[in-house]
Each structure stands twice: as structure tokens, then as C-alpha cells.
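S.K.: Numbering-wise, our numbering puts 296 at position 243 of the sequence shown, and it's gapless, one number per residue. One structure, pasted below without further comment.
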Amino acid sequence: MIPLTRTTRPPSACREDARKSKITRALVVADAGWFTTSSLFTELDREDTAVLLLTCLDWRNAWRRGARPWSWNAPPRLLRDRLWQCDLALPTGWMKRWPDFGMKPIARAVRRWTANHADAAELALVMTYPHYLTLHEQLAPTHSIYLNVDDYRLYWPAQAEKVADIERRAIEKATLTACVAQSRADELARKLPHLASRILHLPHGAPQATIPDSPHACPASTPHDLSAIPGPRLGYVGSLEDRVDWDLLDQLAVHRPDASIVLIGRPEPDDATQQWHRSRARALARPNVRCLGWRDQARIAAYIAAFDVCLIPYDVAHPFNRACNPTKIMDYMGSGRPIVATAVPECRLHANRFHVAENAPQFLAAIDAILAADSDDGRSASRHAYARANSCERTAQRLLDALDRQTTQ
54 MIPLTRTTRP PSACREDARK SKITRALVVA DAGWFTTSSL FTELDREDTA
104 VLLLTCLDWR NAWRRGARPW SWNAPPRLLR DRLWQCDLAL PTGWMKRWPD
154 FGMKPIARAV RRWTANHADA AELALVMTYP HYLTLHEQLA PTHSIYLNVD
204 DYRLYWPAQA EKVADIERRA IEKATLTACV AQSRADELAR KLPHLASRIL
254 HLPHGAPQAT IPDSPHACPA STPHDLSAIP GPRLGYVGSL EDRVDWDLLD
304 QLAVHRPDAS IVLIGRPEPD DATQQWHRSR ARALARPNVR CLGWRDQARI
354 AAYIAAFDVC LIPYDVAHPF NRACNPTKIM DYMGSGRPIV ATAVPECRLH
404 ANRFHVAENA PQFLAAIDAI LAADSDDGRS ASRHAYARAN SCERTAQRLL
454 DALDRQTTQ
């Protein structure tokens with residue numbers, strides 16, 4: 054008689070099976086190249102949801118960012134329980150010129166990941182660009198979210214009509230459309246009234262790293278490279294581009310020679326043929342304007358907490374600013390530090406939490422008032438509480454809750 058034998062599986066395989074059995078949703082984020090999108094879904098932690106963050110670049114940009122061909126398109130790496138990231142380097146033109154061909158490697162990577170880690174789960178796709186409609190068609194997910202973070206017509210103005218058409222089809226295909234800016238949610242609902250019930254405003258969440266245990270009612274201790282700059286310090290964190298009202302910052306530098314205007318961002322090379330470049334050069338040449346350059350995202354919160362006033366000096370006429378939700382709103386809010394902003398639409402929604410100036414005199418007067426009150430506008434607790442209630446984790450939970458409501462209607 055041949056003895057019966059029973060094969061035993063290693064404990065690690067059993068644990069993996071137990072985890073997979075609890076996962077009912079495989080959430081694929083295409084893509085998580087922006088820090089705000091990455092933070093939103095990195096902080097999501099639900100036992101029933103496995104998350105794959107995709108970062109998709111063409112070969113040239115992958116090389117510029119330090120990735121070398123032998124590391125391209127490696128298998129997804131596990132960041133923590135139920136969270137993976139997959140970096141893909143794709144041929145030039147993969148998104149817009151040849152999407153049917155260019156997105157096939159993405160679809161293959163997603164299928165391999167679901168087979169290995171969430172084979173019995175429903176596939177949900179998050180599209181952060183309308184062009185991922187092609188990936189939607191290749192994967193045929195059970196549910197999908199179109200996450201609108203900008204007016205993409207402004208990215209490719211020569212193809213604005215084509216982009217708008219792709220966006221319309223992406224919204225029609227998606228189970229849910231979430232816009233980080235109220236202005237975009239309103240615009241899309243007006244254009245597609247039959248889909249308005251599936252379009253919502255979901256502002257950026259606050260990254261957990263920017264939310265201390267308690268608000269900073271006064272400036273916190275300064276990072277080393279900031280301590281050498283005399284206070285009071287009026288700080289701006291962001292791109293040093295044409296969206297900034299450089300004439301306003303120049304006025305501020307002249308108006309408050311006793312204060313230091315601290316800019317954290319990476320400036321582009323000057324181009325004297327463009328007016329905004331000349332305005333920026335004039336502002337940066339002021340003796341009390343200090344440009345520190347770029348800082349790693351993990352260190353940004355320490356700089357924000359040390360500012361006397363946080364600035365959002367955006368040009369209100371700039372089309373990007375009219376359609377955006379500045380990420381710095383929530384980056385600043387968690388610290389509790391005072392904020393003074395120009396009246397771009399999304400900032401207006403927070404007029405009860407920080408100063409929103411309609412013009413340059415109001416902008417300067419708000420800063421004067423805060424500095425006169427020892428850099429405390431009395432609303433630090435309100436801002437901190439708002440950030441805690443709208444952290445990235447809670448915002449991501451609301452997004453999936455909204456998706457669930459749509460799927461059960």
C-alpha cells in the first residue's frame with residue numbers, strides 16, 4: 054500500500070491566503086506621480102482594500118529621475134500591508150500619441166498584481182488623467198474613479214478640444230468623478246447635467262506628516278538653514294513660476310523691509326523676454342527676499358511651522374489658479390500657522406479659517422495685523438482641527454465611501 058501523504062504549505066503562504074480572502078477591492082491608482090495623489094492613497098488603510106500605486110514615466114523622464122534601464126518595470130514592491138507601488142518606464146508618446154500600444158505594459162502589470170495579491174477582488178481603477186480612459190478600456194474594471202486635479206486643457210492648449218472630449222468620455226465611463234477644486238466640479242456638472250449626481254467636490258487632504266499633535270499658535274523652532282534668516286519670516290512653499298503674483302511679493306518686500314520673505318521652491322532659469330520673469334527677478338533681488346531652493350517633502354512641515362505667516366500669493370487672473378486647489382492650503386493648515394492668501398476660488402472657501410485678500414492693500418494689511426498680534430491671528434486651533442478632520446486618510450475613506458454609494462444606487 055502506498056501511504057497517503059499531505060503536503061503542507063509554509064506559514065507565510067497561509068498568512069497571504071488569509072489576507073487575500075479579506076480583500077474585496079483591488080484599487081489601482083493610475084497614476085500616483087504627484088505627491089498629493091500618492092499621499093492620499095498611501096495613507097488609506099482598509100482591510101478590504103489592496104492598493105497599487107502606479108508611477109508612469111516615459112524613458113527620458115525616467116532616466117532624468119535617476120532610474121536606469123536595468124531597473125525599469127520591476128515587479129511591484131510592497132510598501133506596507135496591502136499597499137504596493139509599481140514604477141513603469143514607457144516609450145515616448147505612450148499616453149497621448151499611441152495610448153493603445155503604450156498602455157499595454159501598464160495593463161499587464163496590473164493583471165499580474167491582481168493575480169498575485171487580489172485575485173478574487175473587484176478591480177477599481179483611479180484615473181488621474183483623462184487619457185487613462187484607454188487603460189480603463191483595456192482592463193474593464195468593475196468600478197472606476199476619475200480624479201480630476203486640474204483643468205487638463207491648460208496642460209495641452211493646442212489639443213484643448215481633444216482633451217475635453219476625452220475627459221467627457223472618461224466621466225461618462227467612470228462610476229464616480231471627484232474634483233479637488235469646487236470650480237471644476239461645478240463646471241463639469243454644468244456641462245454634463247445628466248451626470249451631475251456622479252460628480253463631487255473632494256478637496257485635497259492634509260498629509261499626516263504636516264499635522265502635529267497640537268497647533269503652533271506661535272512659530273516653532275526653526276530648521277538650521279532658516280535660523281540664520283532674521284524674523285519675522287513670511288513663507289511661501291511651492292513652484293516659483295508664473296502662477297505666483299511676483300508684483301505682489303515685490304510690493305510686500307518693499308512694504309515690510311523688517312521682515313524676511315522666505316521662498317522654498319525650485320526657480321526656472323530667467324527669461325528676460327517674459328514679463329513675469331522680469332517681475333520675479335525684481336522681487337528676488339530685494340535684500341529681504343530669500344530663496345532657499347527646493348526641500349524634500351518630508352522636511353517641509355518643519356519650515357511651515359516656523360513661519361510667522363504662510364503665504365499663498367497666487368495671481369488671481371491666471372487660468373490655472375482659477376481652476377486649481379492649491380496643495381499648500383492643506384500643507385499649511387495642519388501647522389495652525391496664520392495664512393494670508395489672494396482670492397483664488399478655492400481659497401475663498403476657507404475665508405473663515407484664514408485671511409483671503411481681494412487686492413494688494415488687503416493682502417499687506419492682513420500681514421501687518423498678524424505681525425502686530427505677535428504672529429497669532431487667533432485661528433490656529435480652527436485650522437489644525439480642520440486638517441485633522443480632513444487628513445489624507447479620512448479624505449481617501451470618503452472617496453471610497455462615495456464610490457460605494459454610487460455602486461449601490
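For each residue, glycine too, the CB sits at the ideal point set by N, CA and C. Just so you know, these numbers come straight off a predicted model, no measurement behind them.
Hey, out of I353, R333, V315, S274, whose CA is closest to I282's CA?
M.R.: The residue with the shortest Cα to Cα distance from I282 is V315.
S.K.: Taking V163 as part of the alpha helix (DSSP H), name the residues at either end of that continuous run.
M.R.: 157 to 170
S.K.: I'd like to know whether the C-beta atoms of G258 and S91 end up nearer to each other than 9 angstroms.
M.R.: Not closer than 9 angstroms, so no.
S.K.: Mind checking which residues open and close the beta strand (DSSP E) that includes M180?
M.R.: 175 to 180
S.K.: Using the three-state DSSP reduction, which class does Y205 fall into: helix, strand or coil?
M.R.: helix
S.K.: Of all the CB atoms in chain C, is at least one closer than 9 angstroms to the CB of N201?
M.R.: Of the protein chains in this structure there is only one, and it is not chain C.
S.K.: Any idea what DSSP makes of P265, helix, strand or coil?
M.R.: Looking at P265 - three-state DSSP - the assignment turns out to be coil, as it is neither helix nor strand.
S.K.: Tell me where the beta strand (DSSP E) around H254 begins and ends.
M.R.: 252 to 254
S.K.: Please look up how many angstroms separate the CB atoms of L93 and T448, rounded, as I've assumed it's under 8 angstroms.
M.R.: With 8 angstroms as the limit, L93 and T448 qualify as a contact, their Cβ atoms being about 6 angstroms apart.
S.K.: Are the beta-carbon atoms of E399 and P256 separated by less than 9 angstroms?
M.R.: Yes, these two residues count as a Cβ contact at 9 angstroms.
S.K.: Mind listing, in chain order, the continuous alpha helix (DSSP H) runs of no fewer than 4 residues lying wholly within the segment 397 to 431?
M.R.: 398 to 401, 413 to 425
S.K.: Determine the DSSP secondary structure at R133, reduced to helix, strand or coil.
M.R.: strand
S.K.: Within 8 angstroms: the Cβ of S250 and any heavy atom of the ligand ATP?
M.R.: This structure simply doesn't include the ligand ATP, nor any ligand for that matter.
S.K.: So what does P320 bridge to, in DSSP terms?
M.R.: L293
S.K.: Does C377 come out as helix, strand or coil in the three-state DSSP assignment?
M.R.: coil
S.K.: Does the segment 333 to 349 touch the segment 361 to 373, meaning 3 or more C-beta pairs lie closer than 8 angstroms?
M.R.: The segment 333 to 349 and the segment 361 to 373 do not touch, with fewer than three beta-carbon pairs separated by less than 8 angstroms.
S.K.: Mark S197 as exposed unless 16 or more other C-beta atoms lie within 10 angstroms of its C-beta, in which case mark it buried.
M.R.: Buried, by the Cβ-count rule.
S.K.: Could you check how far apart the C-beta atoms of T230 and I252 are, in whole angstroms? I think they sit under 8 angstroms.
M.R.: 5 angstroms
S.K.: Based on the DSSP secondary-structure assignment, which residues constitute the bridge partners of R78?
M.R.: T102, E175
S.K.: May I have the straight-line CA-CA distance separating L248 from E225, to the nearest angstrom?
M.R.: 7 angstroms
S.K.: By DSSP's criteria, H196 is part of a beta bridge. Which residues make up the other side?
M.R.: Beta-bridge pairing links H196 to A177.
S.K.: Consult DSSP for L345 and reduce its assignment to one of helix, strand or coil.
M.R.: coil
S.K.: Going by the CB atoms, is the gap between R296 and N412 shorter than 9 angstroms?
M.R.: no
S.K.: Straight-line CA distance for I76 to A426?
M.R.: 52 angstroms
S.K.: Taking just the CA atoms, how far does L136 sit from R165?
M.R.: Roughly 15 angstroms between the two C-alpha positions.
S.K.: What does the alpha-carbon distance come out to for the pair W209 and R150?
M.R.: 13 angstroms
S.K.: At the level of alpha carbons, what is the spacing between D84 and L132?
M.R.: 16 angstroms
S.K.: Roughly how many angstroms separate the alpha carbons of P144 and A115, rounded to a whole number?
M.R.: 10 angstroms
S.K.: For S274 versus A359, is the C-beta spacing smaller than 9 angstroms?
M.R.: yes
S.K.: Which residue from L456, A325, G288 puts its Cα closest to that of A394?
M.R.: G288
S.K.: Work out the CA separation of Q415 and G155 for me, nearest whole Å.
M.R.: 50 angstroms
S.K.: I need the DSSP call for C232, collapsed to helix, strand or coil.
M.R.: C232 falls in the strand class under three-state DSSP.
S.K.: Alpha carbon to alpha carbon, how far is R343 from D153? Give it in angstroms, no decimals.
M.R.: When only Cα atoms are considered, D153 and R343 end up about 47 angstroms apart.
S.K.: Can you tell which of L305, A312, W299 has the C-alpha that lies nearest to the C-alpha of P320?
M.R.: W299
S.K.: With DSSP as the reference, label D153 as helix, strand or coil.
M.R.: Note: D153 maps to helix in three-state DSSP.
S.K.: Can you give the Cα-Cα distance for S292 and P285, rounded to whole angstroms?
M.R.: Taking the CA atoms as reference points, S292 sits about 22 angstroms from P285.
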